[in-house]
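**Q** Numbering-wise (the working numbering), the sequence shown opens with residue 74 and increments by one.
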Amino acid sequence: MTAETVKYEQPPGSPRSSPPVPVPPLVEAPAADKTIQPAKLIRESFAAVETKAEELSQYFYGVLFSVSPDARALFPINMATQRNRLLRALVYAVQMVDRPDELSTFLSQLGRDHRKFDVLGRHYDAVGVALITALKRFLKDDWTPEVEDAWVTAYGVISKSMREAAGKEIGPAWWKATVVEHRRVSRDVAVIKVRTDQPLPYRAGGYVSVEVPQRPRMWRYFSPATAPHDDGTLEFHVHAVRGGWVSRAIVHHTRVGDVWRIGPALGALSVHHTESRPLLMIGGGTGIAPLLALLDDMSRWRHNPPVHLFFGGRRPEDLYALDDLRELTVTCPWLTVTPVTEEGTLPGGDRGTLAMAVTQRGEWPDRDVYVAGSPSMIRATIAKLLATGTDLARIKYDPFTLD
Numbered sequence: 074m075t076a077e078t079v080k081y082e083q084p085p086g087s088p089r090s091s092p093p094v095p096v097p098p099l100v101e102a103p104a105a106d107k108t109i110q111p112a113k114l115i116r117e118s119f120a121a122v123e124t125k126a127e128e129l130s131q132y133f134y135g136v137l138f139s140v141s142p143d144a145r146a147l148f149p150i151n152m153a154t155q156r157n158r159l160l161r162a163l164v165y166a167v168q169m170v171d172r173p174d175e176l177s178t179f180l181s182q183l184g185r186d187h188r189k190f191d192v193l194g195r196h197y198d199a200v201g202v203a204l205i206t207a208l209k210r211f212l213k214d215d216w217t218p219e220v221e222d223a224w225v226t227a228y229g230v231i232s233k234s235m236r237e238a239a240g241k242e243i244g245p246a247w248w249k250a251t252v253v254e255h256r257r258v259s260r261d262v263a264v265i266k267v268r269t270d271q272p273l274p275y276r277a278g279g280y281v282s283v284e285v286p287q288r289p290r291m292w293r294y295f296s297p298a299t300a301p302h303d304d305g306t307l308e309f310h311v312h313a314v315r316g317g318w319v320s321r322a323i324v325h326h327t328r329v330g331d332v333w334r335i336g337p338a339l340g341a342l343s344v345h346h347t348e349s350r351p352l353l354m355i356g357g358g359t360g361i362a363p364l365l366a367l368l369d370d371m372s373r374w375r376h377n378p379p380v381h382l383f384f385g386g387r388r389p390e391d392l393y394a395l396d397d398l399r400e401l402t403v404t405c406p407w408l409t410v411t412p413v414t415e416e417g418t419l420p421g422g423d424r425g426t427l428a429m430a431v432t433q434r435g436e437w438p439d440r441d442v443y444v445a446g447s448p449s450m451i452r453a454t455i456a457k458l459l460a461t462g463t464d465l466a467r468i469k470y471d472p473f474t475l476d
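1. Taking the alpha-carbon positions, what's the Pro438 to Val311 distance?
2. What residue range is occupied by the uninterrupted alpha helix (DSSP H) comprising Asp143?
3. Per DSSP, what are the beta-bridge partners of Glu254 in this structure?
4. Apply the 10 Å Cβ neighbour rule to Glu284 and answer buried if 16 or more other Cβ atoms are within range, or exposed otherwise.
5. For the candidate residues Gly425, Arg293, His376, whose alpha-carbon lies nearest to that of Trp318?
6. Roughly how many angstroms lie between the CA atoms of Ala460 and Ser282, to the nearest whole one?
7. Looking only at its chain, what residues have a beta carbon closer than 7 Å to the beta carbon of Trp374, apart from the 5 residues adjacent to it on each side?
8. Taking Val65 as the reference, give the member of Ala199, Arg158, Phe133 with the closest Cα.
9. If you draw a straight line from the C-alpha of Trp224 to the C-alpha of Gly421, how long is it?
10. At which residue ranges does the stretch 288-374 contain complete beta strand (DSSP E) runs of 3 or more residues, listed in the order of the chain?
11. Between the alpha carbons of Arg288 and Arg321, how many angstroms are there, rounded?
12. Given a threshold of 16 other Cβ atoms within 10 Å of its Cβ, counted over all protein chains shown, does Ala456 qualify as buried or as exposed?
13. Bridge partners for Ile468 per DSSP, in chain order?
14. Rounded to the nearest angstrom, what separates Asp261 and Lys213 at their Cα positions?
15. Exposed or buried, Thr409, counting other C-beta atoms within 10 Å across all chains shown (16 or more means buried)?
16. Is Val264 buried or exposed, if buried means 16 or more other CB atoms sit within 10 Å of its CB?
17. Could you tell me whether any non-hydrogen atom of the ligand SAM is closer than 8 Å to the CB of His310?
18. Could you check which residue in Arg452, Asp471, Glu436 has the C-alpha nearest to that of Asp464?
19. For Ala313, which residues from the same chain have a beta carbon less than 6 Å from its beta carbon, with the 5 sequence-adjacent residues on both sides left out?
20. Am I right that Arg350 and Val252 are in contact with their C-beta atoms under 8 Å? What's the rounded C-beta distance?
21. Just checking: is the beta-carbon of Gly336 within a distance shorter than 9 Å of some beta-carbon in chain C?
22. Give me the Cα-Cα distance between Pro245 and His196, rounded to the nearest whole angstrom.
23. If you compare alpha carbons, which of Ala121, Pro363, Gly194 is closest to Arg210?
24. For Asp423, write down the residues that DSSP places opposite it in a beta bridge.
25. Taking the beta carbon of Gly417 as the centre, do at least 16 other beta carbons fall within 10 Å, making it buried, or is it exposed?
26. Would you say Ile115 and Val202 are within 9 Å of each other, going by their C-beta atoms?
27. Report, in whole angstroms, the separation of the C-beta atoms of His185 and Ala250, which I expect to be a contact under 8 Å.
28. Considering only their Cβ atoms, is the gap separating Glu415 from Pro378 smaller than 9 Å?
29. Taking the alpha carbon of Arg440 as the point to measure from, which residue in Ala338, Pro272, Met354, Val332 has its own alpha carbon closest?
30. Confirm, please, whether the CB-CB distance from Ser296 to Ala366 is below 9 Å.
31. Cutting at 7 Å between CB atoms, please list the residues of its own chain near Phe138, excluding the five before and the five after it.
32. If you reduce the DSSP assignment to three classes, tell me which class Gly201 lands in.
33. If you draw a straight line from the C-alpha of Phe119 to the C-alpha of Tyr165, how long is it?
34. For Val136 and Thr359, I'd like the C-alpha separation in whole angstroms.
35. State the Cα-Cα distance for the pair Met235 and Leu364, rounded to the nearest angstrom.
36. Could you tell me which whole beta strand (DSSP E) segments of length 3 or greater appear in the stretch 173-226?
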């Protein structure tokens with residue numbers, strides 16, 4: 074967002090009721106030594122409207138489509154899940170607002186990923202208008218000049234980072250991939266193998282956005298369960314989430330020969346081949362997929378650090394990849410696998426939630442920790458680890474894990 078860009082604000086009534094009114098331009102971030110107070114203002118103001126998240130997001134999109142009608146074509150017909158994804162992205166950015174290096178990496182990845190939507194510069198401007206307008210409406214008297222400056226500056230940084238990253242990218246905006254195998258491994262989980270028409274660069278442990286023919290424009294994030302292969306194949310493990318339009322379509326209606334579109338790789342769950350610190354991996358349900366990809370990659374290395382993997386689910390049948398993991402321990406003596414179930418038991422397994430099972434085994438002070446699963450499982454597990462003394466800087470996870 075440049076200093077010459079003029080942003081507009083709709084009046085407090087319906088976002089479609091009146092023409093926009095000019096307000097000051099968005100600007101770049103302040104110097105690093107002035108970031109603490111804006112970060113505090115952003116967190117506190119967002120917390121004040123978080124209970125009205127659904128209303129805020131509806132109003133946001135109303136303003137967005139009023140200011141930029143052509144932006145509507147970039148989104149699916151059903152907007153319910155899209156509204157939730159917006160707020161998850163906002164929460165994640167808010168959490169990192171005073172961690173500029175991590176935020177920059179996240180925004181750069183997001184900017185490259187958004188090329189698949191055919192996003193133009195004016196769409197970034199319109200999103201800024203909608204965001205500031207919605208926040209002002211719902212914060213009411215708490216929307217002070219200082220809060221406005223903090224949010225305007227923050228969105229300027231977000232927009233600038235995403236645009237610059239998208240502008241520098243020379244690779245495809247998306248890759249075509251053909252389904253070559255679809256296998257149901259349980260009532261609600263399917264393993265799908267696809268082959269891309271050209272190599273898709275990604276690192277084991279990352280995730281990609283996927284669009285399937287059954288749900289046009291409904292892009293969802295999934296993690297490949299394998300490290301990159303020379304033949305261009307990727308394997309995905311998908312759980313049919315209750316109410317999940319895309320995940321249920323993939324599990325129940327995918328056919329061999331379907332053509333998917335796959336966006337650029339994202340994510341931070343990577344292990345370097347020079348890694349020597351012991352690792353703790355914690356995967357819940359199909360959240361095991363990125364950890365399987367990491368193990369697949371590590372199995373090809375000459376030397377490996379010790380890895381203890383906890384794989385959890387509600388019932389024994391939910392641990393659909395357990396046999397494969399146990400086979401892997403035969404050829405990879407550096408790997409230990411502990412199954413965890415909340416109901417029922419398995420030989421050599423623990424009973425309870427993943428968070429309980431992991432922390433009951435010890436404090437893991439010398440381990441780097443990788444966590445993957447549902448947002449609730451990630452939150453609970455990280456909270457338990459922190460309570461037992463694990464350093465937050467050693468815990469790695471990715472934010473987008475739901476349908």
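We put the CB at the ideal spot given by N, CA and C, even for glycine.
**A** Straight from the coordinates:
1. One C-alpha to the other measures close to 33 Å.
2. Asp143 -> no alpha helix (DSSP H), and no H or E assigned at all.
3. According to the DSSP secondary-structure assignment, Glu254 is paired through a beta bridge with Lys266.
4. Glu284 should be labelled buried.
5. The candidate whose alpha carbon is nearest that of Trp318 is Arg293.
6. Distance between the alpha carbons of Ala460 and Ser282 is about 33 Å.
7. The beta carbon of Trp374 sits closer than 7 Å to the beta carbons of His346 from its chain, once the five residues preceding and following it are set aside; these are given in chain order.
8. This structure gives no information on residue 65, because the portion of the chain shown stretches from 74 to 476.
9. For Trp224 and Gly421, the gap between their C-alpha atoms comes out near 51 Å.
10. Counting only runs of 3 or more, we get 293-295, 306-312, 332-335, 352-357.
11. Taking the Cα positions, Arg288 is about 10 Å away from Arg321.
12. Burial call: exposed.
13. Residue pairing by DSSP places Ile468 opposite Val442 in a beta bridge.
14. Asp261 and Lys213: Cα-Cα distance of roughly 44 Å.
15. Around the C-beta of Thr409, fewer than 16 other C-beta atoms lie within 10 Å, and the residue is accordingly described as exposed.
16. The C-beta of Val264 has 16 or more other C-beta atoms within 10 Å across all chains shown, which makes the residue buried.
17. As presented, the structure is devoid of all ligands, the ligand SAM included, so that no description of it is given.
18. Here the closest residue by C-alpha is Glu436.
19. Result list for Ala313: Asp261, Ser320, Arg321, Val324, in chain order.
20. Actually they are not in contact, since the Cβ atoms of Arg350 and Val252 sit about 38 Å apart, beyond 8 Å.
21. Absence of chain C from the displayed structure is noted, only one protein chain being present.
22. Cα to Cα, Pro245 sits roughly 20 Å from His196.
23. Out of Ala121, Pro363, Gly194, Ala121 has the C-alpha closest to the C-alpha of Arg210.
24. Asp423 is bridged to Val413.
25. It counts as exposed.
26. In this structure, the beta-carbon distance from Ile115 to Val202 does not fall below 9 Å.
27. It should be pointed out that residue 185 corresponds to Arg in this sequence rather than to His. Between Arg185 and Ala250 a beta carbon distance of about 18 Å is seen, past the 8 Å cut, so the two are scored as non-contacting.
28. With contacts defined by Cβ atoms closer than 9 Å, Pro378 and Glu415 do not form a contacting pair.
29. With distances taken between CA atoms, Arg440 lies nearest to Met354 out of Ala338, Pro272, Met354, Val332.
30. For the pair Ala366 and Ser296, the CB atoms are nearer than the 9 Å cut-off.
31. Cβ within range, chain order: Ala144, Arg145.
32. DSSP, reduced to helix, strand and coil, places Gly201 within a helical segment of the structure shown.
33. The alpha-carbon atoms of Phe119 and Tyr165 are separated by roughly 12 Å.
34. Approximately 37 Å, taken between the alpha carbons.
35. C-alpha separation (whole angstroms): 28 Å.
36. Segments of the beta strand (DSSP E) lying fully in the stretch 173-226: there are none.
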